[in-house]
Amino acid sequence: MSRDVETAPFQAVAAEAGKPRPGHGPRLTARRRETLAGWLFISPWILGFLIFTAGAMVMAAGLAFSDFNLATGEARWVGARNFAQLVDDPRVATSLGNTLFFAVLSVPLEIAVALGLAMLLARVGRGAGIFRTLFFLPKMTPMVATAAIFFLLLNGSQGAINQGLRLIGVQGPQWLVDPDWIKPSIVLMSLWAVSGTMVIFLAALKNVPRELYEVASIDGAGGWRRFYNITMPMISPALFFNTIVLTIAAFQTFDQAYLLFYRDQSNAAPEASLFYAVYLFQQAFRQFNLGFAAAMAWVLFVIIMIITAVQVRVGNRFVHYSGRD
Numbered sequence: 001m002s003r004d005v006e007t008a009p010f011q012a013v014a015a016e017a018g019k020p021r022p023g024h025g026p027r028l029t030a031r032r033r034e035t036l037a038g039w040l041f042i043s044p045w046i047l048g049f050l051i052f053t054a055g056a057m058v059m060a061a062g063l064a065f066s067d068f069n070l071a072t073g074e075a076r077w078v079g080a081r082n083f084a085q086l087v088d089d090p091r092v093a094t095s096l097g098n099t100l101f102f103a104v105l106s107v108p109l110e111i112a113v114a115l116g117l118a119m120l121l122a123r124v125g126r127g128a129g130i131f132r133t134l135f136f137l138p139k140m141t142p143m144v145a146t147a148a149i150f151f152l153l154l155n156g157s158q159g160a161i162n163q164g165l166r167l168i169g170v171q172g173p174q175w176l177v178d179p180d181w182i183k184p185s186i187v188l189m190s191l192w193a194v195s196g197t198m199v200i201f202l203a204a205l206k207n208v209p210r211e212l213y214e215v216a217s218i219d220g221a222g223g224w225r226r227f228y229n230i231t232m233p234m235i236s237p238a239l240f241f242n243t244i245v246l247t248i249a250a251f252q253t254f255d256q257a258y259l260l261f262y263r264d265q266s267n268a269a270p271e272a273s274l275f276y277a278v279y280l281f282q283q284a285f286r287q288f289n290l291g292f293a294a295a296m297a298w299v300l301f302v303i304i305m306i307i308t309a310v311q312v313r314v315g316n317r318f319v320h321y322s323g324r325d
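When the letters of the sequence shown are read in order and numbered with full-length UniProt numbering, they come out as residues 1 to 325.
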């Protein structure tokens, strides 16, 4: 008997088993099961985004073209009047200028401090986990507690920072009074939570191949040369990501300025401390001018989108991706 005749019954059975049974559809493949599981896992975030972010943005877009009465809940269409008022209000320009100055000053400084701390931690051998925990603890400190601490540290007469400067013969400024030093004082406060950026840099530094440094050392490259030609290109994706994230966060700065200067409504805060998000908050929840505040929010969104697009366009020329040709 030939081999084909012997195996024919088994082939028929296998073919019959492969056919879908009546009333039953085809079974999900492993790839489809993974895809379905992934969508199920991220579905809480998707729902939260649609309800609390996308929904809020759509509602704010409607409020931006209306005069909304919070007491009655009625909205009256006013067209582009709220946006015209943005141009006429000098405090909008002041707050936007303060925010831009803060972003230009804080983002490079936070990048430099975070990268420096990450490079120090990358060299630690024993006890590296302990040091990473200690450096990350300030990130877990509530912002209210951080503001209270820096309110004492930055006191012009009795603050610890100025007392330390006096020990080396330097007269410290009036951090929270002098308009020229108010934004730098908020920058110092923002550095307290730089550990989040530091962790990203630390992970990027750990992924740099050690062989590159060994080869460069054999060729006689010094420390700065290795940093510029090896470290910077290899961690450029993390540097690019942190720059964009910190820039977006800087334009939305609210907590530091509000807790230092605006929590006590009985005292007039200096103009140098008026940030864009703070003025938006005042218009929405102090003056109840929700239409004007919504217009401010959408203008800020457009500004951030433009700046981010420019950063992406410019940054892609300098970012090195190891998997890209």
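The beta carbon of each residue, even a glycine, is placed where N, CA and C say it ideally should be.
For residue j and residue i, believed in contact at Cβ under 8 angstroms, the rounded distance
i	j	result
T146	M189	7 angstroms
L105	M198	The pair is not a contact, with the Cβ atoms about 19 angstroms apart (cut-off 8 angstroms).
L121	F135	7 angstroms
L63	A75	7 angstroms
A257	S236	About 32 angstroms; that fails the 8 angstroms criterion.
I161	L153	5 angstroms
V92	L86	5 angstroms
K139	G73	Their Cβ separation, rounded to whole angstroms, is 40 angstroms, which puts K139 and G73 out of contact at 8 angstroms.
S95	F275	6 angstroms
Of the listed residues the options, nearest to residue i (C-alpha basis)
i	options	result
L191	S236, F254, E110 and T247	E110
D88	V314, P173, T308 and M296	M296
A268	L176, L100, R313 and S157	L176
E271	A64, N98 and A75	N98
V194	Q283, R132 and I42	R132
I244	R263, D180, R286 and V310	V310
I303	A103, R33, A204 and G159	A103
T247	W77, F301, Q171 and A30	F301
I186	L50, L70 and L260	L260
T308	A250, A60, I46 and L280	A250
residue 363	T253, Q287 and G172	Outside the modelled stretch of the chain, which goes from 1 to 325, sits residue 363, for which no answer is possible.
T53	N69, V314, I230 and W298	W298
L100	G156, K183 and L153	K183
D178	G129, G196, S157 and L165	S157
L239	E211, F227, N229 and F201	F201
V208	M59, H320 and D255	H320
V58	N316, G315 and G291	G291
L205	D180, G172, N162 and R123	R123
R286	M305, A128 and Y262	Y262
D67	I51, P233, N289 and G315	N289
DSSP three-state assignment for residue i, whether helix, strand or coil
i	result
Y321	coil
R32	helix
H24	With a pLDDT of 49 at H24, under the threshold of 50, the modelled position of this residue cannot be trusted; read the value that follows with caution. Three-state result, H24: coil.
N98	helix
R123	helix
R76	strand
R286	coil
R91	helix
F275	coil
V104	helix
V194	coil
E110	helix
A61	helix
For residue i, the first and last residue of its enclosing alpha helix (DSSP H)
i	result
D88	R81 to D88
A268	First-last for A268: undefined, no H or E at that position.
W298	L290 to G315
Span of the beta strand (DSSP E) around residue i
i	result
F52	No beta strand (DSSP E) holds F52; DSSP gives it neither H nor E.
residue 330	Nothing in the structure corresponds to residue 330, since the chain is present only between 1 and 325.
Cβ-heavy atom distance, residue i to the ligand GDP, below 6 angstroms
i	result
I149	Ligands in the displayed structure: none, and consequently the ligand GDP is not present.
(Q) Threshold first: 4 residues or longer. Then list the alpha helix (DSSP H) segments lying entirely within the region 204-260, N to C. (A) 210-218, 223-226 and 236-251
**Q.** Minimum length 4: unbroken alpha helix (DSSP H) runs contained in the region 132-184
**A.** 143-153 and 160-167
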